[in-house]
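Okay, so here's the structure we're looking at.
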Amino acid sequence: MFTRILIFLGVLFYAGVSYGQRAQETFTHQDTLRGSITPEREWWDLTFYHLDILTNPGDSSIKGKVLVRYEVLHPNKLLQIDLQPPLKVSSFVQDGKTLSYKQDGNAWFVRLEKNQIAGEINELLVYYEGNPKISLRPPWDDGLTWDHDKNALPFYASTCQGGGASIWWPCKDHMYDEADSMRITVTTPGNLMNVSNGRLRSKKLNPDGSLTWDWYVQNPINNYGVNINVGDYTHFSEVYQGELGPLDIDYYVLSYNLDKAKEHFKQAPMMLEAFEHWFGPYPFYEDSYKLVEAPYLGMEHQSSVTYGNGYINGYRGNDISKTGWGNKFDFIIIHESGHEWFANNITYKDIADMWIHESFIAYSEGLYVEYWFGKDAGFEYLRGIRSNIGNSSKIIGTYDVNKAGSGDMYQKGATMLHTIRQIVNDDEKWRSILRGLNKEFWHQTVTTDQIEGYMEEHTDFNLKPIFDQFLRDLRIPTLEYRFLNGNLMYRWGNVVPGFDMPLKVYLDGQETWLKFGARGWSSLADIEPCKLVVDKDFYVSSFNLMGDN
Ligand SMILES: [Zn+2]
3 MFTRILIFLG VLFYAGVSYG QRAQETFTHQ DTLRGSITPE REWWDLTFYH LDILTNPGDS
63 SIKGKVLVRY EVLHPNKLLQ IDLQPPLKVS SFVQDGKTLS YKQDGNAWFV RLEKNQIAGE
123 INELLVYYEG NPKISLRPPW DDGLTWDHDK NALPFYASTC QGGGASIWWP CKDHMYDEAD
183 SMRITVTTPG NLMNVSNGRL RSKKLNPDGS LTWDWYVQNP INNYGVNINV GDYTHFSEVY
243 QGELGPLDID YYVLSYNLDK AKEHFKQAPM MLEAFEHWFG PYPFYEDSYK LVEAPYLGME
303 HQSSVTYGNG YINGYRGNDI SKTGWGNKFD FIIIHESGHE WFANNITYKD IADMWIHESF
363 IAYSEGLYVE YWFGKDAGFE YLRGIRSNIG NSSKIIGTYD VNKAGSGDMY QKGATMLHTI
423 RQIVNDDEKW RSILRGLNKE FWHQTVTTDQ IEGYMEEHTD FNLKPIFDQF LRDLRIPTLE
483 YRFLNGNLMY RWGNVVPGFD MPLKVYLDGQ ETWLKFGARG WSSLADIEPC KLVVDKDFYV
543 SSFNLMGDN
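Going from the sequence shown to our numbering is simple: count from 1 and add 2.
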């Protein structure tokens, strides 16, 4: 999603909310239950969910059940399911027997009666109901949004990144373990349609006039990617000839927006073309690609990207790069769809590593611009977004307590990737790394270490200190230099130990690469004092210690 820009802007607009507060943050027992792989989660491997709910916009309620199928990794009798009040579990059932449980805040510990034997596949049914938390500012606040369209028809949807899927359905609410497939059955009033993830298998008219929509996801899916969108939808579609053959594209928009959507959504196949070029095949051909109008700005729901940017380019009409290029595309179509690769294909195990989703996708905006408008345009866009960097809190969050890092995971993370591309200095190699990441970690949950390791191995550069510098430190590297006795002396200042990133500079306009030792001064011989300019695509500053050029 695009949360962090807003939080970042929030810092600008609401002076009382500052990054400095993070230092005093304390975490609760509930944070640990939510954010860690507890013993009651660790022993079972999720394989499948069937979420089956009745939605009632009349009283903002949900009622239904979730079938949780899992493989026993090693025996245990206590199983953790998460569900956030005010929703309530009515019962847990295994093999027809109602089970006892103990509730601890948002975590429900179910006492299983049946022997749990390693390698066996078991099922647990969780019945639940209530009025899920209402999202006050979707998608930044989690929960259900119960809205109405211009014709006064109900228009409602779920959003839950960060807060967690357990805000609206019972599940194993930790990102490390994904269901391998999922069925989503949603009953709505008879004049409305539900769009969820994957493909629509059936629509059933019930005796009371309500409709039941049955969706099926064939691929692994993360919790927050699951969604419902209910409204007076009109559908149109096309087939995109992609890297893996024909890909179904389905559009669901409010009936009165059909004409606008048919024109504006021409950017969806353009997005697919650009991102398949940079990142490799769209990761969910079996589940199709959908763009679904939603009553809020947008979110990267897997294979059903939600859209509410008003059918205009930019981010709500604004160019976040202030270069003009940001108004050449619809920010939400491009950014949220980009997450199909980084977020839904490659997914963080712990939200502390959320940069894996947002840095690559903030960066992908520049790649989209580059693909359609040229390299200079893409680079200009990526330099333009630097004005949104805060540098007041670290990008990596806190592990095991469901705590994401700072909003710099967007533009600063993108800027870091753009800087690494400069040192790789080989466009095809760089593209092969981006594609390679999506192939290596296809449909997986990952850690920062895995991403850093892959990139270091395939660039042949010492990237670890570069990642440390930009993801785990706040300082901007500074090139310190001086001209002395016919030599250019230089070193890195403001950096983490071992930072030796090569740097492209221009000496009186002549391109020169500076190579660094791990510490101390390096030098270039036979250089008379001249004008030194650092290549503008590196995110560093420079300082002439002698002030003499
Ligand atoms: Zn995002």
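Ideal placement from N, C-alpha and C gives every residue a C-beta, glycine not left out. Because the structure is a prediction, the values reported are computed rather than measured.
- Around the C-beta of A154, fewer than 16 other C-beta atoms lie within 10 Å, and the residue is accordingly described as exposed.
- Membership of H445 in any alpha helix (DSSP H) is not indicated, and neither H nor E is assigned to it by DSSP.
- Under DSSP, the beta-bridge partners assigned to I186 are L53 and W217.
- Distance from the CA of V70 to the CA of V95, rounded to the nearest whole angstrom, comes to 11 angstroms.
- Judged by DSSP in its simplified three-state form, I314 adopts coil rather than helix or strand.
- Collapsing the DSSP output to three states places H337 in a helix.
- Residue range Q413 to V426 is occupied by the alpha helix (DSSP H) that includes H420.
- By the criterion of at least three beta-carbon pairs nearer than 8 angstroms, the segment 453 to 468 is not in contact with the segment 383 to 391.
- Annotation for I363 indicates a beta carbon within 6 angstroms of some heavy atom of ligand 1.
- In this structure R318 does not touch G326 by the C-beta definition: roughly 17 angstroms separates them, more than the 8 angstroms allowed.
- Here Y258 is exposed: its Cβ has fewer than 16 other Cβ atoms, across all protein chains shown, within 10 Å.
- If you look at R36, you'll find it in the alpha helix (DSSP H) that goes H31 to G37.
- Boundaries of the alpha helix (DSSP H) harbouring R43: P41 to E44, taken from the DSSP string.
- Judged by DSSP in its simplified three-state form, L369 adopts helix.
- The three-state reading of DSSP puts L476 in coil, since its state is none of H, G, I, E or B.
- Annotation for Q86: N108, S168 and I169 place their beta carbon closer than 6 angstroms to its own, counting only its chain and skipping 5 residues before and after.
- Pairing F344 with F362 gives a Cβ-Cβ distance under 7 angstroms.
- Taking all protein chains shown into account, N404 has 16 or more neighbouring C-beta atoms within 10 Å of its C-beta and is therefore buried.
- Linking L534 to L486 through their CA atoms gives a straight-line distance of about 14 angstroms.
- The three-state secondary structure of R139, taken from DSSP, is coil.
- Relative to ligand 1, the beta carbon of E342 is positioned no closer than 6 angstroms to any heavy atom.
- Judged by beta-carbon spacing, P134 lies beyond the 7 angstroms limit of V68, meaning their Cβ atoms are not closer than that value.
- It is roughly 13 angstroms from the alpha-carbon of E44 to the alpha-carbon of K351.
- When DSSP states are grouped into helix, strand and coil, A181 belongs to the strand group.
- Going by DSSP, Y383 is part of no beta strand (DSSP E) but of the alpha helix (DSSP H) stretching over K377 to G386.
- Exclusion of the five residues before and after S62 leaves N133 and W148 as the residues of its chain whose Cβ lies within less than 6 angstroms of its Cβ.
- Annotated three-state conformation of S524 is strand, per DSSP.
- Here D378 is exposed, its C-beta having fewer than 16 other C-beta atoms within 10 Å.
- Nearest C-alpha to T447 among P141, E73, I223 and F157: I223.
- For Y253, the uninterrupted beta strand (DSSP E) run begins and ends at G247 to L256, by DSSP.
- The straight-line gap separating the alpha-carbon atoms of L369 and A276 is approximately 8 angstroms.
- With a cut-off of 6 angstroms, the C-beta of E360 is classified as near ligand 1, since at least one heavy atom of the ligand falls inside that distance.
- In terms of Cα proximity to M503, the closest of W494, D510, L509 and G511 is W494.
- Contact between the segment 182 to 201 and the segment 113 to 125 is not established, with fewer than three Cβ pairs separated by less than 8 angstroms.
- Classified as exposed, P499 has fewer than 16 neighbouring CB atoms from the shown chains inside 10 Å of its CB.
- A direct Cα-Cα distance of roughly 16 angstroms separates K262 from T308.
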